[in-house]
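Worksheet: one structure, shown below.
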Amino acid sequence: MNLSSLPLEKTNQFSNLFLDYIKEAQDLKAFYGRYPSLENFKGQLQEKQFDPSKREVLVSSLKEQYKDFQLSAVQNQSIEQLLLPETFTITTGHQLSLATGPLYFIYKILTTIRLTEELTKAFPENNFVPVFWMATEDHDIAEINHFYLFGKKYEWETSEKGPSGKISTANLKELFEKVPDCPAWLSDAYCNSKSLVEATRKVAQYLFGTYGLIVIDGDDKNLKKQFTTVIENDLLENKYAPIAKQTSEELQNAGYKAQAFVRNENFFYLGDQTRERIEKQDGNYKVLNSDISFDNDSLQNEIGDFPERFSPNVILRPLYQEMILPNLAYIGGPGELAYWLQLKGIFESENIPFPILFPRKFATIIGKATLDKVKSANLDLADLFLHEKDFFELLIEKLQVEKLEFNEEENLLLQIKNSLLQKATKADKSFFPAIEAEVSKINKGLEDLGKRLNKALENKHETELNKLQNLKRKLFPNNELQERSDNFLNFYINNPDFISAIHKDLDPFEFKMECLMI
């Protein structure tokens with residue numbers, strides 16, 4: 420149940436760049452194509468043309484990637500429809516986070532699904548397919564090897580390195596045996612898969628297969644073949660770095676911080692357990708932390724023969740996505756949309772339509788018991804989003820904890836000081852410093868005593884204050900949004916209808932913080 424919606428600026432959790440984007444600030448309009456509104460999809464549909472031969476490659480790759488899966492009827496239909504010129508995708512993506520990681524993994528996919536449903540109603544002559552792009556080539560294992568359940572961190576220890584999708588899940592059984600009330604399907608997905616990419620696909624299939632979600636792995640030779648020109652343009656011609664650097668500079672001149680650092684070479688070299696940057700050094704192309712090096716000719720041959728060995732970084736991965744998918748919009752969080760705003764010039768250089776950048780949904784789930792406590796304390800849900808210090812001061816006010824004031828005593832002390840100074844004037848003015856020093860000591864003592872008395876008064880209400888502060892800390896673990904920390908199992912274990920309940924209440928075009936009671 421949707422309890423209320425809160426403007427994102429009221430949450431104190433989002434950058435000015437992101438807030439300005441959803442408010443259609445004039446200073447940002449040069450950095451994207453179309454604003455994420457329903458009516459703007461009409462123009463996006465007209466602009467996005469997609470080569471039929473690319474559709475054939477896409478469908479062939481998807482069928483190969485799904486060959487060992489039993490798909491839902493809507494998924495099978497969607498894959499076949501991707502061959503048709505009137506079919507388009509709506510895409511989100513994420514790393515292969517263990518057990519899906521933080522809640523926003525779920526919210527990104529649900530936003531994608533809900534947007535396709537709304538577009539299907541608005542444009543019945545077209546087909547829309549929700550797509551989840553697995554970041555299988557990402558190699559930052561520390562970001563994905565854990566999740567938080569009921570306040571405890573469950574962390575996977577693995578010595579494997581390189582592209583996360585290729586990492587074996589063979590040693591995960593012990594970890595999932597420690598997870599309380601872990602659904603059998605979830606542990607089976609990880610413990611009975613050969614790799615993290617297979618496990619993640621199984622999890623997404625279980626949770627979202629009936630909604631028609633299509634999961635794609637970009638680490639695919641046939642898909643990468645369509646990207647070889649871009650690989651060559653970047654590494655051999657240095658085509659894109661100057662464009663991205665110029666856009667980043669313009670973004671900074673407009674008063675915003677560039678999210679992603681732009682390098683001259685924007686590709687990694689992939690091995691089974693390695694993903695290392697390619698860097699031009701002394702006229703050759705060096706794969707860092709290895710003995711691999713190419714001259715111009717050998718690099719061009721390597722790109723032509725083994726395009727799957729070249730992995731785009733954050734600057735060029737979006738272009739790869741838009742070249743192999745008939746995509747209209749990308750669903751992302753604030754950080755993702757921020758780096759996309761650095762990339763419009765690159766898309767223009769390749770005559771690729773820039774997708775609509777669509778904010779994912781933001782939500783905070785509040786239990787009934789928590790809601791009752793909030794109401795009994797005469798608090799609003801918006802109050803929970805205050806910074807901790809401000810929240811504490813509000814509690815003091817709401818609980819009517821009287822703060823002792825010492826104005827009378829301070830005035831009395833001032834009168835005593837003035838009286839002493841007058842007497843010293845008649846006797847000996849050299850006593851002035853001594854009088855000032857003594858009064859200052861008394862003043863300091865009065866101030867310290869006041870703090871102690873007020874602390875004692877606060878202690879009278881300590882139990883109630885602690886309850887409410889602990890309530891806030893539970894909703895905002897590590898003083899950050901619930902969705903950036905808690906795993907979906909916190910709610911799914913006791914309510915297997917958790918996903919469908921959120922899906923029902925989610926309006927993709929409302930860019931607000933939704934407070935939900937599930």
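Using the numbering used here, count along the sequence shown one by one with no gaps and you end on 937. We put the beta carbon where it would ideally sit given N, CA and C, even for glycine.
For this session: Examine the Cβ distances between the segment 450-468 and the segment 760-768 and report whether three or more of them are shorter than 8 angstroms.
Result: Yes: at least three Cβ pairs fall under 8 angstroms.
Exercise. Three or more C-beta pairs closer than 8 angstroms, one from the segment 615-623 and one from the segment 645-665: is that the case here?
Worked result: Three or more beta-carbon pairs separated by less than 8 angstroms are not found between the segment 615-623 and the segment 645-665, which leaves the two stretches without contact.
Problem set entry | Own chain partners of residue 675 with C-beta closer than 6 angstroms, once the 5 adjacent residues on each side are dropped | Reading the sequence shown from its first residue, position 256 is the one you call residue 675. Excluding residues up to 5 positions away in sequence, 436 lie with their Cβ nearer than 6 angstroms to the Cβ of residue 675 in the same chain.
Exercise. Contact check, residue 782 vs residue 933 under 8 angstroms by CB: the rounded distance?
Worked result: Here residue 782 is taken as the residue at index 363 of the sequence shown, counted from 1. Here residue 933 is taken as the residue at index 514 of the sequence shown, counted from 1. Here residue 782 really is in contact with residue 933; their C-beta atoms are around 4 angstroms apart, less than 8 angstroms.
For this session: Let me know the secondary structure DSSP gives residue 616 once reduced to three states.
Result: Residue 616 sits at position 197 when you count from the first residue of the sequence shown. In the structure shown, residue 616 falls within a helical segment according to DSSP collapsed to helix, strand and coil.
Exercise. Is the distance from the Cβ of residue 627 to the Cβ of residue 771 below 8 angstroms?
Worked result: As a first step, residue 627 must be located in the sequence shown, where it is residue number 208. As a first step, residue 771 must be located in the sequence shown, where it is residue number 352. No.
Exercise. How close, in whole Å, do the beta carbons of residue 817 and residue 796 come, if the pair is a contact with beta carbons under 8 angstroms?
Worked result: Here residue 817 refers to the residue found at position 398 when the sequence shown is read from its first residue. Here residue 796 refers to the residue found at position 377 when the sequence shown is read from its first residue. Indeed they touch by this definition, with Cβ atoms about 6 angstroms apart.
Exercise. Got a sec, what are the start and stop residues for the beta strand (DSSP E) residue 751 sits in?
Worked result: In the sequence shown, the residue the question calls residue 751 occupies position 332. In the DSSP assignment, residue 751 falls within the beta strand (DSSP E) that extends over 746-751.
Exercise. Roughly how far, in whole angstroms, is the beta-carbon of residue 950 from the beta-carbon of residue 573, given that I think they are within contact range, below 8 angstroms?
Worked result: With the chain covering only 420 through 937, there is no way to say anything about residue 950.
Exercise. Nearest-angstrom Cα distance between residue 530 and residue 791?
Worked result: Counting from 1 along the sequence shown, the entry for residue 530 is found at position 111. Counting from 1 along the sequence shown, the entry for residue 791 is found at position 372. Approximately 29 angstroms, taken between the alpha carbons.
Exercise. Where do the N-terminal and C-terminal ends of the beta strand (DSSP E) with residue 507 fall, by residue?
Worked result: Within the sequence shown, the letter at position 88 stands for residue 507. It spans 506-513 - the beta strand (DSSP E) in which residue 507 sits, taken as one unbroken run.
Problem set entry | Whole runs of the alpha helix (DSSP H) within the segment 759-793, excluding any shorter than 4 residues | Counting only runs of 4 or more, we get 763-768.
Exercise. Any idea if residue 671 is buried or exposed, counting beta-carbon neighbours within 10 angstroms, 16 or more meaning buried?
Worked result: Locating residue 671 in the sequence shown gives position 252, where the first residue counts as 1. Under this definition residue 671 is an exposed residue.
Exercise. Bridge partners of residue 919, per DSSP?
Worked result: Numbered from its first residue, the sequence shown carries residue 919 at position 500. Paired residue(s): none; residue 919 is not in a bridge.
For this session: State yes or no: is the beta carbon of residue 680 nearer than 8 angstroms to at least one beta carbon in chain B?
Result: Here there is only one protein chain, and chain B is not present.
Problem set entry | Residues near residue 911 in its chain [Cβ-Cβ closer than 8 angstroms; skip 5 each side] | Start at 1 with the first residue of the sequence shown, and residue 911 comes out as number 492. Once the five neighbours on either side are set aside, the close Cβ partners of residue 911 are 602, 917 and 918.
Exercise. Can the beta-carbon of residue 942 be found less than 8 angstroms from the beta-carbon of residue 521?
Worked result: Since the displayed the chain opens at 420 and closes at 937, residue 942 lies outside it and no answer follows.
For this session: Enumerate in chain order the residues of its own chain whose CB-to-CB distance from residue 865 is below 8 angstroms, with the five nearest sequence positions on each side excluded.
Result: Here residue 865 refers to the residue found at position 446 when the sequence shown is read from its first residue. Closer than 8 angstroms at the Cβ level, and outside the excluded window around residue 865, lie 825, 828, 829 and 832.
Exercise. How far does the beta strand (DSSP E) with residue 703 in it reach, from first residue to last?
Worked result: Here residue 703 refers to the residue found at position 284 when the sequence shown is read from its first residue. That run of the beta strand (DSSP E) goes 703-706.
For this session: Starting from residue 892, follow the alpha helix (DSSP H) in both directions and report where the run begins and ends.
Result: Translated into the one-based positions of the sequence shown, residue 892 becomes position 473. For residue 892, the enclosing alpha helix (DSSP H) has its first and last residue at 881-894.
For this session: For residue 711, I'd like the list of residues in its chain whose CB is within less than 7 angstroms of its CB, leaving aside the five on either flank, ordered along the chain.
Result: Your numbering for residue 711 matches position 292 in the sequence shown. Apart from sequence neighbours up to five positions away, the residues of its chain that approach residue 711 with a beta-carbon distance below 7 angstroms are 688, ordered along the chain.
Exercise. Under a three-way DSSP split, which group does residue 731 fall into?
Worked result: Start at 1 with the first residue of the sequence shown, and residue 731 comes out as number 312. Per DSSP, reduced to three states, the secondary structure at residue 731 is strand.
Exercise. According to the neighbour-count rule (16 or more other Cβ atoms, all chains shown, within 10 Å of its Cβ), is residue 885 buried or exposed?
Worked result: Sequence index remark: in the sequence shown, residue 885 carries index 466 (1-based). Classification for residue 885: exposed.
Exercise. Does the distance from the CB of residue 508 to the CB of residue 746 come in under 8 angstroms?
Worked result: On the sequence shown, position 89 is the one that residue 508 refers to. On the sequence shown, position 327 is the one that residue 746 refers to. Residue 746 sits close to residue 508, with the two beta carbons spaced by under 8 angstroms.
Exercise. Within this structure, are the beta carbons of residue 584 and residue 638 separated by less than 8 angstroms?
Worked result: Taking the first residue of the sequence shown as position 1, residue 584 is located at position 165. Taking the first residue of the sequence shown as position 1, residue 638 is located at position 219. Yes; because the gap between Cβ atoms is below 8 angstroms, this pair is in contact.
For this session: Taking residue 555 as the reference, give the member of 484, 523, 611 and 540 with the closest Cα.
Result: Within the sequence shown, numbered from 1, the residue matching residue 555 stands at position 136. If we check each option's Cα against that of residue 555, 484 comes out closest.
For this session: Look at residue 753 and residue 547 and say whether their C-beta atoms are less than 8 angstroms apart.
Result: Taking the sequence shown and counting its residues from 1, the one referred to as residue 753 is at position 334. Taking the sequence shown and counting its residues from 1, the one referred to as residue 547 is at position 128. Taking C-beta atoms as the reference points, residue 753 and residue 547 fail to come closer than 8 angstroms.
Problem set entry | Supposed contact pair residue 718 and residue 684 - C-beta distance, whole angstroms, cut 8 angstroms | Within the sequence shown, the letter at position 265 stands for residue 684. Within the sequence shown, the letter at position 299 stands for residue 718. Residue 684 to residue 718, Cβ: 11 angstroms. No contact.
Exercise. Taking all protein chains shown into account, do 16 or more other C-beta atoms lie within 10 angstroms of the C-beta of residue 471, making it buried, or fewer, making it exposed?
Worked result: Taking the sequence shown and counting its residues from 1, the one referred to as residue 471 is at position 52. Residue 471 should be labelled exposed.
Exercise. Under a three-way DSSP split, which group does residue 458 fall into?
Worked result: Translated into the one-based positions of the sequence shown, residue 458 becomes position 39. DSSP places residue 458 in coil when its eight states are reduced to three.
Problem set entry | Supposed contact pair residue 784 and residue 935 - C-beta distance, whole angstroms, cut 8 angstroms | The sequence position of residue 935 within the sequence shown is 516, counting from 1. The sequence position of residue 784 within the sequence shown is 365, counting from 1. In this structure residue 935 touches residue 784 by the C-beta definition: roughly 5 angstroms separates them, less than 8 angstroms.
Exercise. Do you know offhand how far residue 813's Cα is from residue 872's?
Worked result: By 1-based counting over the sequence shown, the position of residue 813 is 394. By 1-based counting over the sequence shown, the position of residue 872 is 453. So the two alpha carbons sit approximately 20 angstroms from each other.
Exercise. Straight-line CA distance for residue 426 to residue 930?
Worked result: Along the sequence shown, read from residue 1 onward, the residue named residue 426 stands at position 7. Along the sequence shown, read from residue 1 onward, the residue named residue 930 stands at position 511. Rounded to whole angstroms, residue 426 to residue 930 spans 8 angstroms at the Cα level.
Exercise. Whose CA, out of 734, 699 and 519, lies closest to the CA of residue 623?
Worked result: Looking up residue 623 in the sequence shown gives position 204. Residue 623 has its Cα closest to that of 519, out of 734, 699 and 519.
For this session: In the DSSP assignment, find the unbroken alpha helix (DSSP H) run with residue 525 in it and report its ends.
Result: Here residue 525 refers to the residue found at position 106 when the sequence shown is read from its first residue. Residue 525 -> alpha helix (DSSP H) spans 523-541.
Exercise. Name the DSSP bridge partner or partners of residue 700?
Worked result: Translated into positions along the sequence shown, residue 700 becomes position 281. Residue 700 pairs with 703.
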